[in-house]
Amino acid sequence: MKVYISATLKSFFGRNSETETEGKTIRTILKSLTDKYPEAVKGLYDDNEKLRGFIRIYVNDEDKTDESFLDEAIDENSKVLLLPLIAGGAPDDSIISDERRKDVSLDDNEIDRFNKHLLLRDIGVKGQKRIKASKVVIIGAGALGSPVIQYLAAAGVGTLKIVDHDTVALGNLQSQVIHSFRDVKRPKAASAKDTVRNINKGIEVISENLKIDADNVMSVIEGFDLVIDCTDNYKARYLINDACILSGIPLIFAAIYQYEGMVSIFGLNSGPCLRCLFPEPPAPGLVPTCAEGGTISPLAGIIGSIQANEALKLIIGIGEHLDGRLLTVDTLGLNSGILKVSKNKECPLCGRSPSIFEPADFDYEEFCGLKQDENEIPVEGLTPEELAHKIESGEPITIVDVREPHERAIQRFPDAMIIPIGQLARRQNELNPEHDTIFICKQGLRSILAINTLREAGYKGPMYNLKGGMDAMKDIIFSNEGGWL
Amino acid sequence: MTGMTYCKKAEINTKLTEKIKDHAAKTYPYECCGILLGRQNEDGTVTVTDIRKSANMIKGTDGGICFEIDPLEIYRLEKETEGSTSGIIGFYHSHPDKMAVLSKDDRESMLPGLLYVLVSVYPSGCRDISAWSKTGGTIKQTDLSAPLLQR
Chain A
7 MKVYISATLK SFFGRNSETE TEGKTIRTIL KSLTDKYPEA VKGLYDDNEK LRGFIRIYVN
67 DEDKTDESFL DEAIDENSKV LLLPLIAGGA PDDSIISDER RKDVSLDDNE IDRFNKHLLL
127 RDIGVKGQKR IKASKVVIIG AGALGSPVIQ YLAAAGVGTL KIVDHDTVAL GNLQSQVIHS
187 FRDVKRPKAA SAKDTVRNIN KGIEVISENL KIDADNVMSV IEGFDLVIDC TDNYKARYLI
247 NDACILSGIP LIFAAIYQYE GMVSIFGLNS GPCLRCLFPE PPAPGLVPTC AEGGTISPLA
307 GIIGSIQANE ALKLIIGIGE HLDGRLLTVD TLGLNSGILK VSKNKECPLC GRSPSIFEPA
367 DFDYEEFCGL KQDENEIPVE GLTPEELAHK IESGEPITIV DVREPHERAI QRFPDAMIIP
427 IGQLARRQNE LNPEHDTIFI CKQGLRSILA INTLREAGYK GPMYNLKGGM DAMKDIIFSN
487 EGGWL
Chain B
-12 MTGMTYCKKA EINTKLTEKI KDHAAKTYPY ECCGILLGRQ NEDGTVTVTD IRKSANMIKG
48 TDGGICFEID PLEIYRLEKE TEGSTSGIIG FYHSHPDKMA VLSKDDRESM LPGLLYVLVS
108 VYPSGCRDIS AWSKTGGTIK QTDLSAPLLQ R
């Protein structure tokens, strides 16, 4: 019986395309072939002596590869073809290589601990090993960082680096559930590290009490597989984004405000980055950070948990990811949606002809077009001490509070006029241009905007900004408790 | 077609590369696949001289994550090119929304001595193109470039 052997199988059978065999059935034909070409056995059969998946046997143009046809008698004049099935599948999406996965093993304790992961078909031992092999940096151990750090620790991420420059304040405990009351005034990074230790001592935790800047951001993320941005300000977000894109490390971004949050993944498989989505941050005074704007307690838990889940999916290599997409969640109306994020070909960081080659400490005010140009009169500021002195001296002054009602509800400034920024120009005649007027907000940024707004509206009286805002005033106010509040 | 062992270098002109990319982009979000025709050079390199688009035998949503080329199509093409200087030297396929790297399935179904070209394709178009070949049990990335005169 003549058998046609595809040239693509020549590495098994040599270059002969047609071979005479002894067989009368597929089984005997194959036997005859492997007798003739002993080298072909390894190519044709797997370790269990099953015909390999890519071999196809056709008899008169009909696929007869299935085992059930093995002993079917074949007519002498049949056309028997031995052909390859060229096939393939999509690659694994995991950001942890097989080599790294194979380098780790799970002990009995871990098999017990991660039982619920091992039960999931798509995670299993392989996925859990990838989690163990992974190294993740979390920047910001605040509201978003709390669920991210705790869930990644609980899930068994092998190496966690926690970076935060701040200390725990009482007001953090409403949403930053990684810290507890006794951690107040401790560095957040150290407090978070202790919590991780209490969850799993087997995890390597690196805590850095550090403020991210252009000089350190690259070294902070170097050697890690994934960066999770849990910061609350635009300057850090842009620095982290730039460093991740330049280092080729994927970034899971999130932001929360009041009742809403958003999550996206930047720099995954050359996907879009933060600068593709928001080329420029909003003006500093216009959008309060979450420290100023407030958030409902579980919001960070919801959004941060999505970040942690996305991180695990990337590490395990399962599911769809948020690269090129922005997930928005509105917890008040219970709406969520996914917006498409396109790569911007003109992106200065990841576009066709980039202009950013290293992270730079940009001047946030200038970046936002709010920096005063040289012709503009600089805004004069008062330190909290200077303001306290002015008040105590009894000279006639006007204090204007431009904060939102919910911010004033937290801490009222005594005897202050309340004028929202939007109404300042219209209500300028309520101010006395003979008196010094001091503008206050939470952090001393929106008050500058207020002064500039009034100047543009033609107000001529002396105006001062409270440097650092109410936040900087706190200690002084508290030291005079009875008299002030 | 001599018994080639391992393609250390593959040449493909930009016109053919564009043809593959175009096939991948038009087939998105499904995997496209096709056959590479060409010749084995004496210095161990291969030259792709033409490509043939194949239909992905995997239909439905699975066609977005895997592909199969009809074995009979390979047979017919071998008959067609019998006696000519170029024959089947490899295959190409796309990875929609995935990187241009071999998957586990790709590795397992690779035949030794042939060239496998991969292209990553996203909604915005093709991103990367890579080539691979297997010898014995070892799989290596193959340098894929356009011949100097045809760039």
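Chain order of the listed sequences is A and B.
Its first residue numbered 7, the first sequence is counted upward by one per residue in this note's numbering.
Its first residue numbered -12, the second sequence is counted upward by one per residue in this note's numbering.
Glycine residues also receive a C-beta, built at the ideal position from the N, C-alpha and C atoms.
Because the structure is a prediction, the values reported are computed rather than measured.
Cα-Cα separation, residue i to residue j
i, j, result
"Q378(A)", "V385(A)", "Residue placement at Q378(A) cannot be trusted, given a pLDDT of 43 that sits under 50; what the coordinates show is reported in the next sentence. If I take the Cα positions, the gap works out to 9 Å."
"H185(A)", "S152(A)", "8 Å"
"L318(A)", "G387(A)", "47 Å"
"G124(B)", "T27(A)", "28 Å"
"G130(A)", "V183(A)", "29 Å"
"K40(B)", "K6(B)", "9 Å"
"V9(A)", "T31(A)", "12 Å"
"G325(A)", "N315(A)", "10 Å"
"T48(B)", "S107(B)", "18 Å"
"I52(B)", "I92(A)", "14 Å"
"T154(A)", "R21(A)", "Correcting the residue type first, residue 154(A) is Val in the shown sequence and not Thr. So the two alpha carbons sit approximately 59 Å from each other."
"G(-10)(B)", "P99(B)", "Because G(-10)(B) sits at a pLDDT of 42, beneath the cut-off of 50, its placement in the model cannot be relied upon, and the following sentence gives the value as read from the coordinates. C-alpha separation (whole angstroms): 10 Å."
"Q180(A)", "I302(A)", "9 Å"
"R33(A)", "I144(A)", "60 Å"
"M476(A)", "V226(A)", "32 Å"
"V211(A)", "I205(A)", "12 Å"
"S197(A)", "A242(A)", "21 Å"
"S73(B)", "R63(B)", "14 Å"
"L376(A)", "D93(B)", "With a pLDDT of only 44 at L376(A), under 50, the local geometry of the prediction cannot be trusted, and the value read off the model is given with reservation. Spanning the two alpha carbons is a distance of roughly 54 Å."
"M86(B)", "I425(A)", "55 Å"
"I492(A)", "G59(A)", "Given a span of 7 to 491 for chain A in the structure shown, any question on residue 492(A) remains unanswerable."
"I271(A)", "I56(B)", "35 Å"
Chain-ordered neighbours of residue i on chain A, where CB pairs are closer than 7 Å
i, result
"P99(B)", "S17"
"E65(B)", "S12, A13"
"I75(B)", "A13, T14"
Contacts of residue i in chain B (Cβ-Cβ under 8 Å)
i, result
"G254(A)", "The premise fails here: G254(A) is roughly 12 Å from chain B at the closest Cβ pair, so nothing lies under 8 Å."
"L91(A)", "E55, I56, P58, S96"
Within chain B, partners of residue i - CB distance below 7 Å
i, result
"G94(A)", "C53, F54, H80, S90, D92, D93, S96"
Sequence-distant residues of its chain with Cβ nearer than 6 Å to residue i (five each side left out)
i, result
"D37(B)", "L24"
"C250(A)", "V233, L257, G273"
"G464(A)", "none"
"L333(A)", "V269, I344"
"E372(A)", "Residue confidence for E372(A) is low, a pLDDT of 48 falling below 50, so the modelled location carries little weight and cannot support an answer."
"G31(B)", "K(-5)"
"Y15(B)", "P83, V108"
"G21(B)", "I38, R39, K40, S41, Y79"
"A422(A)", "I405, D407"
Residues bridged to residue i (per DSSP)
i, result
"D69(A)", "Y64(A)"
"Q139(B)", "This structure cannot settle anything about residue 139(B), because the visible part of chain B is limited to -12 through 138."
"Q27(B)", "V33(B)"
"Y263(A)", "E266(A)"
"I344(A)", "L333(A)"
"M423(A)", "V406(A)"
"E214(A)", "V169(A)"
"S41(B)", "C20(B)"
"L88(A)", "I11(A), I63(A)"
"A(-3)(B)", "V33(B), L131(B)"
"L102(B)", "G77(B), S120(B)"
"P83(B)", "V108(B)"
Close-in-space but distant-in-sequence residues of the same chain around residue i (CB under 7 Å, 5 per side omitted)
i, result
"Y64(A)", "K70, L87, L89"
"P354(A)", "R281, P360, S361, I362"
"T14(A)", "P90"
"A46(A)", "F18, F19, L39, T40"
"H171(A)", "N215, L216, K217"
"T173(A)", "K191, R192, P193, K194"
"S100(A)", "R136, I321, I322, G323"
Cross-chain neighbours of residue i in chain A, by beta carbon under 8 Å
i, result
"R111(B)", "The residue asked about is misnamed: residue 111(B) is Ser in this sequence, not Arg. Residues of chain A passing the Cβ test: S348, K349."
"I61(B)", "S12, T14, L89, P90, I92"
"K85(B)", "A96, P97, D99, N275"
Neighbour list for residue i in chain A, Cβ cutoff strictly below 9 Å
i, result
"K40(B)", "Chain A residues near K40(B): none, gap ~13 Å exceeds 9 Å."
"I7(B)", "Within chain A, no residue comes near I7(B); the closest Cβ sits about 15 Å away, beyond 9 Å."
"I126(B)", "What I126(B) touches in chain A: nothing, since even the nearest Cβ is about 12 Å away."
Close Cβ partners of residue i (< 8 Å) along its chain, the five nearest in sequence each way excluded
i, result
"T129(B)", "C(-6), K(-5), K(-4), A(-3), L102, A118, W119, S120"
"L124(A)", "I117, G130, V131, Q134"
"D336(A)", "Y265, E266, S342"
"M7(A)", "E26, T27, E28, G29, K30, I35, I80, E82, S84, V86"
"E380(A)", "Low per-residue confidence applies at E380(A): pLDDT is 45, beneath 50, and the placement is therefore not dependable, though the value from the model is reported in the following sentence. None."
Item to check | Interface residues of the segment 347 to 358 of chain A facing chain B [CB-CB below 8 Å] | outcome: S348, K349
Next on the checklist: Beta carbons nearer than 7 Å to chain B: which residues of the segment 45 to 77 of chain A have them?
Outcome noted: Along the segment 45 to 77 of chain A, going in chain order, the ones with a CB nearer than 7 Å to a CB of chain B are G59, F60, R62, Y64, D67.
Next on the checklist: Beta carbons nearer than 7 Å to chain A: which residues of the segment -7 to 5 of chain B have them?
Outcome noted: none
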